[in-house]
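Visitor:
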Amino acid sequence: MSAGSGVLYRRATLPNGLRVVAEIDPGAHTAAVGYFVNTGARDEDAAAMGVSHFLEHMMFKGTAEKSADEVNQAFDDFGADYNAFTSHERTVYYAHVLPEFLEPATDLLGEILRPSLRGADFDVEKKVILEEIGMYDDRPEWVLQDRLLERHFAHAGPGGRLHGGGFRVLGTAQTVGALTPERMRAYFDRRYSPGNVAVAAAGNLDFDRLVGQVAARCGGWPAVDTARDLSAPALPAGVRRFADTDADLSRHYLGLICPGPAASDPRRHAAAVLAVLLGDSDNSRLHWALVDPGLADEASASFQAADGRSGDPAGSFMAWATCDPGRAAEVEAKLLETVDGVVAAPDFSEADVAAAVNKAATGLTLLAERPAGRMHRLGSQLLALGENHGLDEQLAALRAVTPDAIASLVADFPWDPRTVAVLGPNG
6 MSAGSGVLYR RATLPNGLRV VAEIDPGAHT AAVGYFVNTG ARDEDAAAMG VSHFLEHMMF
66 KGTAEKSADE VNQAFDDFGA DYNAFTSHER TVYYAHVLPE FLEPATDLLG EILRPSLRGA
126 DFDVEKKVIL EEIGMYDDRP EWVLQDRLLE RHFAHAGPGG RLHGGGFRVL GTAQTVGALT
186 PERMRAYFDR RYSPGNVAVA AAGNLDFDRL VGQVAARCGG WPAVDTARDL SAPALPAGVR
246 RFADTDADLS RHYLGLICPG PAASDPRRHA AAVLAVLLGD SDNSRLHWAL VDPGLADEAS
306 ASFQAADGRS GDPAGSFMAW ATCDPGRAAE VEAKLLETVD GVVAAPDFSE ADVAAAVNKA
366 ATGLTLLAER PAGRMHRLGS QLLALGENHG LDEQLAALRA VTPDAIASLV ADFPWDPRTV
426 AVLGPNG
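Here it is, written out as structure tokens:
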């Protein structure tokens with residue numbers, strides 16, 4: 006992999022399977038490090054939905070050596086910009102610091118990944134998460150997204166297991182309320198194996214010292230089998246539509262989801278460009294069809310890559326719109342007409358595709374301007390692909406997307422089967 010001018014790419018694997026990857030830039034004024042764990046909502050059981058996110062919270066509640074206050078104080082002493090997040094695909098713990106604090110920040114992140122999981126802390130944090138769930142339940146756009154995913158992935162695959170793509174990252178009040186420290190510990194032991202973890206760093210750093218430090222803190226972690234279920238989602242053919250009513254709402258919300266390429270599929274680059282063309286800019290098809298004429302407040306489209314076998318429909322295309330309830334039927338019809346028009350005749354010009362590529366390339370390049378952005382790219386790539394691609398390689402892959410590549414993608418993924426969900430005062 007080429008990391009770019011003046012930047013050196015290095016990678017190592019510890020004997021227990023934990024991977025360490027970095028882009029070293031001696032001219033950088035900061036450094037960033039993150040522990041990327043290949044586990045998220047998709048890896049949970051339905052009855053334990055939300056355990057990944059709950060566990061992320063518990064990592065900051067103390068270790069065998071430090072209390073929660075001591076952990077937070079240490080990060081503050083470093084002047085760290087630190088946080089964590091959980092998604093369907095992964096859980097990430099990271100810090101962005103001055104170079105002289107990279108070593109203690111790396112060690113502290115490694116330390117908190119072996120949490121105490123004290124019962125008293127568990128009970129307190131459960132209340133915090135239940136409040137968080139309640140807060141998001143008051144946000145109609147989040148309610149719609151959760152329901153759309155649940156319904157899209159609602160059909161059991163081989164073995165009768167529901168695909169975790171439909172699980173709520175936060176869980177529900179019922180599943181989180183029923184979680185116990187013992188069940189969380191069992192999940193932790195199963196999913197936080199070193200072979201399921203990658204440490205990514207970027208900026209002004211010494212790679213050999215980084216590897217030695219990670220080995221000292223994490224080299225003794227026991228390895229267990231953490232294979233992820235990569236079965237493709239079971240999706241019935243055709244269109245499924247669901248309508249929910251909330252009389253307290255003043256706006257109407259519309260969402261659509263359909264299959265797209267997996268994160269490891271080379272067609273993911275064309276998928277990213279198609280999302281820009283369809284609804285990720287003010288010059289997109291959905292913007293001109295819905296927002297510019299004043300039919301909708303907002304209209305967008307996105308492509309969400311997901312872990313899966315290359316060739317399987319593991320990823321998702323999504324489209325969204327919000328509007329006045331009185332225009333709900335008109336906006337839904339126009340959104341579907343626009344999507345179906347692209348599928349039937351993906352007649353994007355060379356100039357259209359070039360502009361979309363430039364927008365996507367700008368986003369990637371801006372992300373790479375800071376060590377934290379490079380760190381997130383390195384860790385996410387390593388978990389999703391098992392390898393890394395530098396910024397130059399990513400930009401080249403984007404610039405290789407042509408109108409013919411978009412047409413071929415649409416033929417392979419014709420936005421069917423699809424699930425449509427609406428939420429508004431009139432359903």
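Read in my numbering, the sequence shown has 199 at position 194, and its numbers run on one by one without any break. Backbone N, C-alpha and C fix where the C-beta goes; we use that ideal spot for every residue, glycine too. These figures come from a predicted structure and were not determined experimentally.
Taking all protein chains shown into account, decide if arginine 152 is buried (16 or more other Cβ within 10 angstroms of its Cβ) or exposed.
Guide: Working through the sequence shown from its first residue, we reach residue 152 at position 147. Buried, by the Cβ-count rule.
Visitor: Run through the DSSP bridge pairs and tell me what tyrosine 98 is partnered with.
Guide: Indexing the sequence shown from 1 puts residue 98 at position 93. The partner list for tyrosine 98 (beta bridge, DSSP) reads Tyr40 and Ala89.
Visitor: Just to confirm, are glutamate 146 and tyrosine 258 a CB contact at a threshold of 8 Å?
Guide: Position 141 of the sequence shown, counted from the start, is the residue given in the question as residue 146. Position 253 of the sequence shown, counted from the start, is the residue given in the question as residue 258. The answer is yes: Cβ separation under 8 Å.
Visitor: Please return the same chain residues whose Cβ sits closer than 7 Å to the Cβ of leucine 372, not counting the five positions on each side in sequence.
Guide: For this step, residue 372 is matched to residue 367 along the sequence shown. Gly378 and Arg382, listed in sequence order.
Visitor: How about alanine 365 and alanine 304: do their beta carbons lie closer than 8 Å?
Guide: Reading the sequence shown from its first residue, position 360 is the one you call residue 365. Reading the sequence shown from its first residue, position 299 is the one you call residue 304. Result no, Cβ atoms of alanine 365 and alanine 304 do not sit closer than 8 Å.
Visitor: So, using beta-carbon positions, are glutamate 61 and threonine 96 closer together than 8 Å?
Guide: Within the sequence shown, numbered from 1, the residue matching residue 61 stands at position 56. Within the sequence shown, numbered from 1, the residue matching residue 96 stands at position 91. The answer is yes: Cβ separation under 8 Å.
Visitor: With H, G and I counted as helix, E and B as strand and the rest as coil, what does DSSP make of phenylalanine 247?
Guide: On the sequence shown, residue 247 is found 242 positions in, with the first residue counted as 1. Of the three classes helix, strand and coil, the one that applies to phenylalanine 247 here is strand, per DSSP.
Visitor: Expressed to the nearest angstrom, what Euclidean distance is found between the alpha-carbon atoms of leucine 114 and serine 413?
Guide: Your numbering for residue 114 matches position 109 in the sequence shown. Your numbering for residue 413 matches position 408 in the sequence shown. Cα to Cα, leucine 114 sits roughly 44 Å from serine 413.
Visitor: Let me make sure I understand the geometry here. Which of Leu261, Arg272, Ala405 and Ala426 has the alpha-carbon closest to that of isoleucine 345?
Guide: Within the sequence shown, residue 345 is the residue found at index 340, counting from 1. One point to set straight first is that residue 345 is aspartate, not isoleucine, in the sequence displayed. Considering only alpha carbons, the answer is Leu261.
Visitor: Quick one: grab the DSSP three-state call for tryptophan 325.
Guide: As a working mapping, residue 325 is identified with position 320 in the sequence shown. It is a strand residue.
Visitor: Which two residues bound the contiguous beta strand (DSSP E) that contains valine 25?
Guide: On the sequence shown, residue 25 is found 20 positions in, with the first residue counted as 1. 24-29 is the extent of the beta strand (DSSP E) around valine 25.
Visitor: Compute the beta-carbon to beta-carbon distance between histidine 168 and alanine 221, rounded to the nearest angstrom, for a pair I have assumed lies under 8 Å.
Guide: Position 163 of the sequence shown, counted from the start, is the residue given in the question as residue 168. Position 216 of the sequence shown, counted from the start, is the residue given in the question as residue 221. Not really, about 39 Å apart at Cβ, beyond 8 Å.
Visitor: How long is the line joining the alpha carbons of serine 279 and leucine 291, rounded to whole angstroms?
Guide: In the sequence shown, residue 279 corresponds to position 274, counting from 1. In the sequence shown, residue 291 corresponds to position 286, counting from 1. The sequence shown places leucine at residue 279, not serine. Approximately 12 Å, taken between the alpha carbons.
Visitor: Can alanine 268 and alanine 311 be called in contact, C-beta distance under 8 Å?
Guide: Translated into the one-based positions of the sequence shown, residue 268 becomes position 263. Translated into the one-based positions of the sequence shown, residue 311 becomes position 306. Going by C-beta atoms, alanine 268 is nearer than 8 Å to alanine 311.
Visitor: Please report the straight-line C-alpha distance between aspartate 253 and glycine 170, rounded to a whole angstrom.
Guide: What you label residue 253 is simply residue 248 of the sequence shown in a count that begins at 1. What you label residue 170 is simply residue 165 of the sequence shown in a count that begins at 1. Cα-Cα distance, rounded: 29 Å.
Visitor: Alpha carbons only, please: which of Asp297, Ala324, Ser255 and Asp317 is nearest the one belonging to leucine 283?
Guide: In the sequence shown, residue 283 corresponds to position 278, counting from 1. Closest option to leucine 283, Cα to Cα, is Ala324.
Visitor: Starting from glycine 429 and walking both ways along the beta strand (DSSP E), at which residues does that stretch end?
Guide: On the sequence shown, position 424 is the one that residue 429 refers to. Here the beta strand (DSSP E) through glycine 429 covers 423-429.
Visitor: When we look at the beta-carbon of methionine 140 and count the other beta-carbons within 10 Å, is it buried (16 or more) or exposed?
Guide: The residue labelled residue 140 in the question sits at position 135 within the sequence shown. Exposed, by the Cβ-count rule.
Visitor: Does the beta-carbon of alanine 334 have 16 or more other beta-carbons within 10 angstroms, so that it is buried, or is it exposed?
Guide: Mapped onto the sequence shown, residue 334 falls at position 329. When all chains shown are included, alanine 334 counts as exposed.
Visitor: Look up valine 202 in the DSSP assignment and say whether it is helix, strand or coil.
Guide: Counted from its first residue, the sequence shown places residue 202 at position 197. Three-state DSSP puts valine 202 in a strand.
Visitor: Roughly how far, in whole angstroms, is the beta-carbon of alanine 100 from the beta-carbon of aspartate 86, given that I think they are within contact range, below 8 Å?
Guide: As a first step, residue 100 is located in the sequence shown; it is residue number 95 there, counting from the start. As a first step, residue 86 is located in the sequence shown; it is residue number 81 there, counting from the start. Sure, about 7 Å apart at Cβ, within 8 Å.
Visitor: Closer than 8 Å is the cut-off here; do at least three beta carbon pairs connect the region 190-208 with the region 15-34?
Guide: Cβ pair count under 8 Å is three or more, so yes.
Visitor: Which of the three DSSP states, helix, strand or coil, is assigned to threonine 185?
Guide: On the sequence shown, position 180 is the one that residue 185 refers to. The answer is coil: DSSP assigns threonine 185 none of H, G, I, E or B.
Visitor: Can you tell me which of Gly320, Gly313 and Thr327 puts its alpha carbon nearest to the alpha carbon of aspartate 302?
Guide: In the sequence shown, residue 302 corresponds to position 297, counting from 1. Of the listed residues, the one whose Cα sits closest to aspartate 302 is Thr327.
Visitor: Nearest by alpha-carbon distance to valine 102: which of Val133, Met380, Arg15 and Phe418 is it?
Guide: Here residue 102 refers to the residue found at position 97 of the sequence shown. The option with the nearest alpha carbon to valine 102 is Met380.
Visitor: Measuring CA to CA, which of Ile117, Val76, Ala228 and Cys263 is closest to arginine 423?
Guide: For this step, residue 423 is matched to residue 418 along the sequence shown. Nearest option by C-alpha distance: Cys263.
Visitor: What number of angstroms, rounded off, separates the C-alpha of arginine 196 from the C-alpha of valine 148?
Guide: The residue labelled residue 196 in the question sits at position 191 within the sequence shown. The residue labelled residue 148 in the question sits at position 143 within the sequence shown. Between arginine 196 and valine 148, the C-alpha separation is close to 28 Å.
Visitor: Roughly how many whole angstroms lie between the Cα atoms of aspartate 233 and proline 199?
Guide: Looking up residue 233 in the sequence shown gives position 228. Looking up residue 199 in the sequence shown gives position 194. For the record, residue 233 in the displayed sequence is arginine; it is not aspartate. Using only the alpha carbons, I get a separation of about 14 Å.
Visitor: In three-state DSSP terms, what is glycine 320?
Guide: For the purposes of this step, residue 320 is taken as the residue at position 315 of the sequence shown. Correct three-state label for glycine 320: strand.
Visitor: Identify, in the order they occur along the chain, each residue of the same chain with its Cβ nearer than 6 Å to the Cβ of aspartate 126, setting aside the five sequence neighbours on each side.
Guide: Counting from one through the sequence shown, the residue named residue 126 turns up at place 121. Correct list, in chain order: Lys66.
Visitor: Is histidine 257 helix, strand or coil when you go by DSSP?
Guide: Within the sequence shown, numbered from 1, the residue matching residue 257 stands at position 252. Strand.
Visitor: Of all the options Ala306, Pro227, Thr185 and Leu210, which has the alpha carbon lying nearest to the alpha carbon of aspartate 194?
Guide: Numbered from its first residue, the sequence shown carries residue 194 at position 189. Residue Pro227 is the option with its Cα nearest to aspartate 194.
Visitor: Looking only at its own chain, which residues have a Cβ that is under 8 Å from the Cβ of asparagine 288, when we skip the five neighbours before and after it?
Guide: By 1-based counting over the sequence shown, the position of residue 288 is 283. Excluding sequence neighbours, asparagine 288 sits near Ala360.
Visitor: Starting from leucine 279, follow the alpha helix (DSSP H) in both directions and report where the run begins and ends.
Guide: Here residue 279 refers to the residue found at position 274 when the sequence shown is read from its first residue. Its alpha helix (DSSP H) spans residues 273-284.
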